[in-house]
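Have a look at the structure below, then the notes.
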Amino acid sequence: MLNYIWGILIIISIIVGAFTGNISNVTKAAIESSKDAITLALTMLGILAMWSGLMRVAETAGIIQALTKKLNPILNFLFPEIPKNHESRKYIATNIVANMLGLGWAATPPGLKAMESLQKINPDKSQASVSMCTFLIINISSVQIISINMIAYRLQYGSVNPTEIIGPSLIATLLSTVVGVIYAKIMARTVPRNMGGHGK
Amino acid sequence: MKIIAIISDLTIPLIFLGIIVYGMLKKVPIFDEFVKGAKTGLETVVNILPTFIGLMVSIGMLRASGALDLFGELVTPIARLIRFPEQLVPIVLMRSISSSAATGLVLDIFKTFGPDSLIGRMTSVIMGCTETIFYTMSIYFISVKIRKTRYTLSGALLANLAGIIVSVILTYAIFD
Chain Y
1 MLNYIWGILI IISIIVGAFT GNISNVTKAA IESSKDAITL ALTMLGILAM
51 WSGLMRVAET AGIIQALTKK LNPILNFLFP EIPKNHESRK YIATNIVANM
101 LGLGWAATPP GLKAMESLQK INPDKSQASV SMCTFLIINI SSVQIISINM
151 IAYRLQYGSV NPTEIIGPSL IATLLSTVVG VIYAKIMART VPRNMGGHGK
Chain D
201 MKIIAIISDL TIPLIFLGII VYGMLKKVPI FDEFVKGAKT GLETVVNILP
251 TFIGLMVSIG MLRASGALDL FGELVTPIAR LIRFPEQLVP IVLMRSISSS
301 AATGLVLDIF KTFGPDSLIG RMTSVIMGCT ETIFYTMSIY FISVKIRKTR
351 YTLSGALLAN LAGIIVSVIL TYAIFD
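These protein sequence lines are chains Y and D, in that order.
Each step along the first sequence adds one to the number in our numbering, with nothing skipped, and position 117 is 117.
Position in the second sequence counted from 1, then plus 200, gives you our numbering.
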C-alpha cells in the first residue's frame, strides 16, 4: 500500500511542480525534508526512549496483568457470546490494556492470539464472528490514554505547551470507542451472517 | 473546560508517580528496568527513521509543488460549510490508510502553521483519537484466513469519523 502512495505522491509533486513553476522548490524541499526528518528523529529519540523505559517498569511491576484482571466485567458486557474462562478473554484484555498505554508493539502479539482463539469458536471459519467484529472495532478505535508521539512532534516544532492536547484527545478517543461499541452491538443483532463485508 | 486543561497537565505526572510507586512496592529494580526499556525505545526510533525520511521527503515535495494548495482550494467550499479547516482534509483522508503518511502531513502543518495554532492543535487531537484501519484489519484477518469481514470496516470508519467530529468541536470550544 505504502509503495503506491509514496510513488503517487512523488509523481504528483513533480508534475504539478512543473506546471505551476515550482519545480526548483520541489528539489529544494526534497533535500530540506530529509534534513528535517533527522532533526525530528533526535527529539523522538529522547522522548520515546524515556517513555519506553517507563513502560518497561510498568510491565515488569505487573501493572499490565493487574489491569487485565480488572477488565473482566467490561469483557462480559462487550463479548457476552464468548464462554466464561475461554482463553481468548485473556488475550483480548492484554491487547486492550497495551493499546490504552500506547504500547503498539506489546498489543499486536496478544491481538493475533485473540483472533486465533476466537477463530476456534467461530461457527463459520470463512467469515468474521460477532466477537471478532467487536474486537477489531474496539482495537481500531482504541482508547489511547496518551499519544506520546504527537507530544514529541509538537515539542520539536516549538509548542509552548505540548501536552495541552491530552485532555481533549482523551475525551475524543473515549467517545469514538463508545460510538464503535454501540455500532458493533446494534450490527451484531441486525446484520445476518453472509451479509456485508468484502471478499467473495 | 478548565477540567480538561487540568487533565492535560496531570496525566503524565500521575502515570510516572503510579508506575514508580507501584514498581518500588513490588521491589522491581526500577532504574535498571527503565534503562532496558529506554534502549528498546531508541531502537524503535532508529528502525522507523528510514520510513520517516522517505515519507517526509515525498510530502515536502508535494507541499512545495503547490499540489496540496490546489487540493485545498477544491475542497474549500465543503470544508467551510462544516467549519473544518481545508488544510486538514488530506490528513483525515490519509489517516485510515497509512499512519506514517498522515504523520508526514501533520508535521507539514506544524511547520507551516505551528503546533500551537488552532489547526495545529486540532490536527494533534485528531491524530490522538484516530487509527489506521486498513493495515490493522488486513493483519488481523489474514492471520486467521478470514475474507468476509462483515461490518468491521464500517464500524471502524464510523468510530474514526466520530473521533474527528468530537476533536473539531472540542478544539473550537477549548482553544478558540
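We put the beta carbon where it would ideally sit given N, CA and C, even for glycine.
No experiment lies behind these values; they were computed from the predicted model shown.
Assigned with DSSP and collapsed to three states, Y:Gln-119 falls in helix.
For D:Arg-321, the residues of chain Y that pass the 7 Å Cβ criterion are Ile-165, in the order they occur in the chain. By the neighbour-count criterion, in which 16 or more other beta carbons inside 10 Å mark a residue as buried, Y:Lys-90 falls on the buried side.
The Cβ of Y:Gln-65 sits no closer than 7 Å to any Cβ of chain D. Residue contact check for Y:Leu-71 against chain D: no CB pair falls below 7 Å.
Residues of the same chain with a CB within less than 6 Å of the CB of Y:Arg-154, apart from the 5 flanking positions on each side, are Pro-162 in chain order. Scanning D:Ile-374, D:Leu-357, D:Ile-333 and D:Gly-314 for the CA closest to the CA of Y:Tyr-157 turns up D:Gly-314.
Residues of chain D with a Cβ closer than 8 Å to the Cβ of Y:Lys-28 are, in chain order, Ala-264. In the three-state DSSP reduction, Y:Lys-125 falls in the coil class, being neither helix nor strand. Neighbours of Y:Ala-184 in chain D, taken as residues whose beta carbon is under 7 Å from its own, are Gly-355 in chain order. Counting C-beta pairs with one atom in each stretch, the stretch 298 to 317 of chain D and the stretch 122 to 134 of chain Y have fewer than three that are closer than 8 Å, which means they do not touch. Taking a 10 Å sphere around the C-beta of D:Asp-308, we find 16 or more other C-beta atoms and assign the residue as buried.
Of all residues in the stretch 356 to 373 of chain D, the ones placed with a Cβ closer than 7 Å to any Cβ belonging to chain Y are Ala-356, Leu-358, Ala-359, Asn-360, Ala-362, Gly-363, Val-366, Ser-367, Leu-370 and Thr-371, in chain order. Any Cβ of chain Y closer than 7 Å to the Cβ of D:Leu-249 would place that residue at the interface, and such an atom is present.
Beyond the five residues adjoining it in sequence on each side, D:Val-289 comes within less than 8 Å, by CB distance, of Phe-271, Gly-272, Val-275 and Ala-279 in the same chain, given in chain order. Within the stretch 221 to 241 of chain D, Tyr-222, Gly-223, Lys-226, Val-228, Ile-230, Glu-233, Phe-234, Val-235, Lys-236, Gly-237, Ala-238, Thr-240 and Gly-241 place their CB atoms closer than 7 Å to a CB of chain Y, listed in sequence order.
When DSSP states are grouped into helix, strand and coil, D:Lys-348 belongs to the strand group. If one requires a minimum length of 4 residues, the alpha helix (DSSP H) runs lying completely within the stretch 260 to 327 of chain D are 267 to 281, 289 to 295 and 299 to 313, in chain order.
Looking at D:Gly-241, D:Arg-263 and D:Ser-338, the one whose alpha-carbon comes closest to that of Y:Ile-23 is D:Arg-263. If you draw a straight line from the Cα of Y:Pro-109 to the Cα of Y:Ser-117, it comes to about 13 Å.
Considering only beta carbons, the part of the stretch 95 to 128 of chain Y lying closer than 7 Å to chain D consists of Gly-111, Leu-112, Met-115, Glu-116, Gln-119, Ser-126, Gln-127 and Ala-128, in chain order. As the crow flies, the alpha-carbon of D:Thr-336 is around 14 Å from that of D:Lys-345. Listed along chain Y are Ile-140, Ser-141 and Ser-142, each with a C-beta nearer than 7 Å to that of D:Glu-331. For D:Lys-202, the enclosing alpha helix (DSSP H) has its first and last residue at 202 to 225. Cβ-Cβ distances below 6 Å link Y:Ile-64 to Val-97 in the same chain, with the five nearest sequence neighbours on each side left out; the list follows chain order. Contact with chain Y is absent for D:Val-275, since none of that chain's Cβ atoms lies less than 7 Å from the residue's Cβ. Uninterrupted alpha helix (DSSP H) stretches at least 4 residues long and entirely within the stretch 118 to 186 of chain Y occur at 130 to 140 and 148 to 156, given in chain order.
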